[in-house]
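Student:
Residue numbers (this note's numbering): 1164 to 1382.
Shown next as structure tokens:
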């Protein structure tokens, strides 16, 4: 169900990003113990063209998929789906919620089995429509600005936002991509983010409160 919560959660870092710059960080290295290429298999095959924008893994192993409308073949609605038993030969896909807005931008777990999804409207030129951004929360217990080269922290209880980080590594370089910073994940006191245009992965140190730990990053 959609959750209207009274708890004060740790600030959720949401994506919203892009303008110009260059890649300053050294490329990431693979784990020395990994043997490449890693095995790959198809978990689930949609019957039509489908844009899975992002996903989250529930503690029980089920996958939460946020699906964007495919502009060339608008068959699936902008929606949140659950894929149950993804390790089985025949996983089950079910619709959780259809969003009234035109696109979804990310999903993250904000507390145990509570997930936040960012959605908004875009123009035909793939430009964000001001004032349309909304955050939805889903309770299964019973934030990057692509166009401003930045990461925002969002309090999902009060709706307040603050600028978390902004750096050249978050910006797009080539105008034809229109995408700089994209995916976000928090792990081991770092915020990791991808830059789709640069095809790079970066990280920012952060403390337990969700604040940026190093104001001089990426110095």
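Think of the CB as a built atom: it goes at the ideal place given N, C-alpha and C, for glycine as much as any other residue.
These figures come from a predicted structure and were not determined experimentally.
Apart from the five residues just before and just after residue 1219, which ones in its own chain have a Cβ nearer than 8 Å to its Cβ?
Tutor: Only 1226, 1227, 1270, 1271, 1272 and 1278 meet the Cβ criterion.
Student: Between the C-alpha atoms of residue 1211 and residue 1369, what's the straight-line distance to the nearest angstrom?
Tutor: Computed Cα separation, rounded: 40 Å.
Student: Contact check, residue 1282 vs residue 1301 under 8 Å by CB: the rounded distance?
Tutor: About 12 Å separates the two Cβ atoms, so there is no contact after all.
Student: Residue 1368 by DSSP, collapsed to three states: which one?
Tutor: Strand.
Student: What residues in its chain sit with their C-beta under 8 Å from that of residue 1249, if we drop five residues either side in the sequence?
Tutor: Counting only Cβ-Cβ distances below 8 Å, and skipping sequence neighbours, we find 1206, 1207, 1224, 1225 and 1226.
Student: If you count every other CB in all the chains shown that lies within 10 Å of the CB of residue 1357, and 16 or more means buried, which is it?
Tutor: By the 10 Å Cβ count, residue 1357 comes out buried.
Student: Please classify residue 1332 as buried or exposed, where buried requires at least 16 other C-beta atoms within 10 Å of its C-beta.
Tutor: The residue is buried, with at least 16 neighbouring Cβ atoms inside 10 Å.
Student: DSSP three-state call for residue 1298: helix, strand or coil?
Tutor: In the structure shown, residue 1298 sits in a strand (DSSP, three-state: E or B).
Student: Compare the C-alpha of residue 1265 against each of 1242, 1276 and 1252 and name the closest.
Tutor: Residue 1242 is the option with its Cα nearest to residue 1265.
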